[in-house]
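Written below as structure tokens is the structure these notes are about.
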Amino acid sequence: MSVGKSIHRLGAVARVRGETRFGFDLADRPGLFLACVRAVSAPARIKDIDPGPALALPGVVRVFTAADVPGQHNLGIIPVTKDQEFLARDLVRHVGQTVALVAGQTREAALAGARKVRLDMEALPGVHDPWEALKEGAPLVHADHPGGNLLKETNIVKGDADAALTKAAVVVKGEYTTSRIEHAALEMEGGRADYKDGRVLVWACTQNPHYDQADLALFLGLEPDKIRVVQAETGGGFGGKLDISVQPYLALAAWHLKQPVSMCYTREESMLATGKRHPFWMSYTTGADEAGRVLAQKIELLADTGAFASYGLAVCGRAAVHGAGPYDIPNVQVSCRMAYTHNQWNGAMRGFGVPQVALAHEGQMDAVARELGIDPFEVRLKNALRNGSRTATGQLLKSGVGLVQCLEKIRPLYEQYKTRAQSGEETLRGVGLGAMFYGIGNTGVSNPAHADLSWGEDGRVKLFTGAADIGQGSDTILVQLAASRLNINPEMIDLCRGDTDCTKNAGATSASRQTYISGNAVLAAADSLEALLIEEARHMLGKRHADLHLDNGVILDRDDPGSGIEAHEVAASLKDKGKSAKAGGSFDPNFSALDPETGQGKPYAAYAFAAQCALVEVDRASGMSRVKELAAAHDVGRAINRRSVIGQICGGVMMGLGMALMEEYKPGWTENLENYHLPTCPDAPRITPLIVEEPEETGPYGAKGVGEPALIPTAPAIAGAMSDAIGIPMRELPISLERTLEAIMKKEEES
Amino acid sequence: VSRFFKPQSLEEALEAMTSPGARALAGGTDMMIQLRELKQHGKPLPELIVDLSGLSGLARLDLDDSPPFLGAGVSFRTLESHATVLERWPILSQAAVTVGSVQVRQSATIGGNIANASPAADGMSALTALGAKALVASLNNRRTVPLPDLITAPGKNSLQPGEVILGFELDPAPPASGQCFVKVGRRQAVAIARLNVAVALDENLSDPRFVLGACFPSPRRQKEVEDLIRGEKPSPGLWKAAGEKAADAFVDTCGWRSSAAYKVPAIARMSALALKRAWAGLESSGQGGAA
Chain A
1 MSVGKSIHRL GAVARVRGET RFGFDLADRP GLFLACVRAV SAPARIKDID
51 PGPALALPGV VRVFTAADVP GQHNLGIIPV TKDQEFLARD LVRHVGQTVA
101 LVAGQTREAA LAGARKVRLD MEALPGVHDP WEALKEGAPL VHADHPGGNL
151 LKETNIVKGD ADAALTKAAV VVKGEYTTSR IEHAALEMEG GRADYKDGRV
201 LVWACTQNPH YDQADLALFL GLEPDKIRVV QAETGGGFGG KLDISVQPYL
251 ALAAWHLKQP VSMCYTREES MLATGKRHPF WMSYTTGADE AGRVLAQKIE
301 LLADTGAFAS YGLAVCGRAA VHGAGPYDIP NVQVSCRMAY THNQWNGAMR
351 GFGVPQVALA HEGQMDAVAR ELGIDPFEVR LKNALRNGSR TATGQLLKSG
401 VGLVQCLEKI RPLYEQYKTR AQSGEETLRG VGLGAMFYGI GNTGVSNPAH
451 ADLSWGEDGR VKLFTGAADI GQGSDTILVQ LAASRLNINP EMIDLCRGDT
501 DCTKNAGATS ASRQTYISGN AVLAAADSLE ALLIEEARHM LGKRHADLHL
551 DNGVILDRDD PGSGIEAHEV AASLKDKGKS AKAGGSFDPN FSALDPETGQ
601 GKPYAAYAFA AQCALVEVDR ASGMSRVKEL AAAHDVGRAI NRRSVIGQIC
651 GGVMMGLGMA LMEEYKPGWT ENLENYHLPT CPDAPRITPL IVEEPEETGP
701 YGAKGVGEPA LIPTAPAIAG AMSDAIGIPM RELPISLERT LEAIMKKEEE
751 S
Chain B
1001 VSRFFKPQSL EEALEAMTSP GARALAGGTD MMIQLRELKQ HGKPLPELIV
1051 DLSGLSGLAR LDLDDSPPFL GAGVSFRTLE SHATVLERWP ILSQAAVTVG
1101 SVQVRQSATI GGNIANASPA ADGMSALTAL GAKALVASLN NRRTVPLPDL
1151 ITAPGKNSLQ PGEVILGFEL DPAPPASGQC FVKVGRRQAV AIARLNVAVA
1201 LDENLSDPRF VLGACFPSPR RQKEVEDLIR GEKPSPGLWK AAGEKAADAF
1251 VDTCGWRSSA AYKVPAIARM SALALKRAWA GLESSGQGGA A
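Those sequence lines, one after another, are chains A and B.
1 is the number of the first residue of the first sequence in the numbering used here; add one for each residue after it.
1001 is the number of the first residue of the second sequence in the numbering used here; add one for each residue after it.
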């Protein structure tokens, strides 16, 4: 069986050889090129857009403005909060918002034209801080939004946190903040569009081709079947390619000009124009008994969605649901608010708010441990969710809870790191822990996936999936699952992926959901296909009740092992009858919506768990820090492809390391990779990935997901280690040179 | 549109450099970024780019000459591992290995690093501490220039049109064991120095060299610091006082900017650390302790 084997990543050879054409690369092909004219200050009212000077340049073909949008102006990934104008109408709400679009015969002509479009703008008062935005009288970002600048508030109430806090032996308070973070996928956004036979065709990098199709149809005022979106090979997303980027511009220009157009962002434009990780302000009050059992957790969260909603609702809900962490706490109260500001908009990024709250819930566990003089490992173990525990939303976790196993798996390394954590004359050392749980799939809403499988007369099987592989490896995982269920070699399977003309919606590649949800859909499709083939084989064999099964491309009779019929012959027989050997399958996780008042409910069908441990070293003189070791134990239910899981863990750890120590997007300064610091290979610690397989009953072969969990415990573990090294809790990310040295000096003064 | 020329000899190169608007290209690791930026903003590119990377004469390391000579075209990758450099001018190697990444160091040259005149250039601090002089040539002239005179402001040098840097004359005087280079960056590689310190001490502290980089508009030795420790008895207290003096010099020159809240204490502490390590190096090599 293919499941569990580290087969080579599909498409790996082409990538290594540099032959893969990513969405960004498609902009090299002949055709017109598009460039955006972007607002340089905001908020502002657009008084006039004069395309004249641009159109006077050689090679400039057309300048589009909002007036050229034939359909709906407001788009957005969540249906109830579509508020983003891809060509601003009257107002620009953030720096970098597109005001006009220039089509040129060459890239140079388009860019030169974009520089020449004359904008007459009137500056308006703005609000750039979410606390200010929620005050009475603050300038409204969307005057028509019923909540004013409050996009959303999610509350969770379990038990009575206030009452429990009064009875707690210790109460610890902590304030935490995280930074705005750029995804910095290797591939910048890019793609191509064409117009043929009344249809607009778009090829672009994306995490969600079917959503793109729906929003482009709205934008152009066309029926969805007049739009075909093909997911181009996508060089990383991390949530940054869930919202549409170049797609509406490509579609609009192709629709108007009836010829091929292409577009790609520079790194600077990619950083300026796309969403970021929401910065969070978090206030926690935690009460525990003398043994370290947490009795109550009271949480206030505020996040900045920027000028548009994007995935704000999802981040707000998920941060609230996960706010108390992977612990069995009887009394929990969470208030999570998401505010509009005139900042660059924030959207989905790997973890949807959970990496932010994890900093706080883990910092609180350390604080409880410190207050009581108990080892922070024991405090986590004592409070960890187990089979039979209830989450903060009251959901009973009957099985599949692997957190204790993850903790036990890192325990030997934790003990070893502690022996190496002695500080020296020039350096400080410390050890920290991070734990997490993560709900697989969207929060408290239906999020189905569909997949199809067909058996060809040539003996090859074809898998049709709308699930976007953006480098995380879903192509390989889905093929492995199909191969295992159909009892064939994965090499017999061809793939049609992410093309709205030949695949059905599998939902977004987000929320760590494709292995679990599309994986289950593929298994359902495989079962249907097998049933279809067996039914036909019974007819062909003339045995109406034969006990047939598929094995390596042959349909065998359990009662007559000598007989058999090739599956492709069965497929041919179906074709002769005008039928096809193709079957579909769907899966939608079993959930219940959260109660709007108390937040109680069953938001996810499955959860992943993880625990990580870090050893850091800090230079006393400068505050420079290095992560020396990082152990990462992840309960993935079942590793469909071990090497792929390890890749996700190591990549997630590096992303978490960047969040912990260096990444911070500062508008007007970090729109480049010189001033925006990503970790490099020499920043990588020795990473010890540890796989825990506590099967998820409803998962494909027991699998859950690992894409986002890989990142979530890392920043808390590193922050904990930095706190341990310095002797002062480090609660603001990133733990930069400045923050580190300030803390070191503060500690020196104290002692 | 700019022209690109790759000369086969120094004479050809110097001849080409006489053409108006000519710019010399060494490793290109800074210039590629600058050219891309010009293009993005629709600004004119240099009319002529003269690629010096093919001139093997510029990559010479004549370290036994008098004075020892380091070619401008020597890459940081060479500097970081060259046996004689490691043995006699270890701060050059220590500085080199902190530059960019392996890929950047493979291409980037010490001459380009200096000519680019970034205040944060790691090679600059090390060469300044070593009292290096640049050997500069044009078609009809050669001259030597001390680095503090060559670099006039961030991104500005005093090279005349037609001039290129051939290399650097090194000072063989400072004992190797008394040299120390330290750097602070925001990550372990591809990090622009927030600050760096290059120190060269001798056994009597009679000729201390102290350079603080990424803090001033142009390279300089900190005379105040050198005067403070010259001829003194080494001690942790002396290094601490010297560090504070370095921080004062920074504030006196640059004023109190928002970055100073970090930089001032970091300068004091890193300067003291570099001096302490340099002295410890002398001591452990048996050369220290005479003062």
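C-beta atoms are modelled at their ideal positions from N, C-alpha and C, and glycine is treated no differently.
Can you tell me whether residue i is helix, strand or coil according to DSSP?
| i | result |
| --- | --- |
| residue 1180/B | strand |
| residue 164/A | helix |
| residue 155/A | strand |
| residue 560/A | strand |
| residue 370/A | helix |
| residue 591/A | coil |
| residue 1196/B | strand |
| residue 568/A | helix |
| residue 1279/B | helix |
| residue 39/A | coil |
| residue 1144/B | strand |
| residue 724/A | helix |
| residue 338/A | strand |
| residue 401/A | coil |
| residue 586/A | strand |
| residue 210/A | helix |
| residue 1089/B | coil |
| residue 1121/B | coil |
| residue 129/A | coil |
| residue 1113/B | helix |
Pull up the CB-CB distance for residue i and residue j, whole angstroms please, since I reckon it's below 8 Å.
| i | j | result |
| --- | --- | --- |
| residue 385/A | residue 326/A | 5 Å |
| residue 101/A | residue 87/A | 7 Å |
| residue 292/A | residue 374/A | 5 Å |
| residue 134/A | residue 150/A | 6 Å |
| residue 343/A | residue 296/A | Between residue 296/A and residue 343/A the Cβ distance is about 34 Å, and since that is not below 8 Å, they are no contact. |
| residue 278/A | residue 1186/B | With 8 Å as the limit, residue 278/A and residue 1186/B do not qualify as a contact, their Cβ atoms being about 23 Å apart. |
| residue 178/A | residue 359/A | 6 Å |
| residue 1170/B | residue 1070/B | 6 Å |
Using the rule of at least 16 other Cβ atoms within 10 Å of the residue's Cβ for burial, across every protein chain shown, is residue i buried or exposed?
| i | result |
| --- | --- |
| residue 1163/B | buried |
| residue 1049/B | buried |
| residue 681/A | exposed |
| residue 58/A | exposed |
| residue 79/A | exposed |
| residue 1292/B | In the structure as shown, chain B starts at 1001 and stops at 1291, and residue 1292/B therefore has no counterpart that could be examined. |
| residue 200/A | buried |
| residue 281/A | buried |
| residue 398/A | exposed |
| residue 270/A | buried |
| residue 1033/B | exposed |
Report yes if the CB atom of residue i is closer than 9 Å to the CB atom of residue j, and no otherwise.
| i | j | result |
| --- | --- | --- |
| residue 229/A | residue 209/A | yes |
| residue 714/A | residue 636/A | no |
| residue 440/A | residue 604/A | yes |
| residue 438/A | residue 354/A | yes |
| residue 456/A | residue 566/A | no |
| residue 742/A | residue 584/A | no |
| residue 1133/B | residue 1195/B | no |
| residue 591/A | residue 578/A | no |
| residue 24/A | residue 336/A | no |
Minimum length 4: unbroken alpha helix (DSSP H) runs contained in the stretch 233-321 of chain A: 247-257 and 267-273
Continuous beta strand (DSSP E) assignments of at least 3 residues falling wholly in the stretch 451-521 of chain A: 461-465 and 493-497
Any alpha helix (DSSP H) of 4 or more consecutive residues that is wholly inside the stretch 659-715 of chain A: none
Whole runs of the beta strand (DSSP E) within the stretch 613-638 of chain A, excluding any shorter than 3 residues: Complete beta strand (DSSP E) runs here, min 3: 625-635.
Runs of alpha helix (DSSP H) wholly within the stretch 345-395 of chain A (minimum 4 residues, chain order): 354-372 and 376-383
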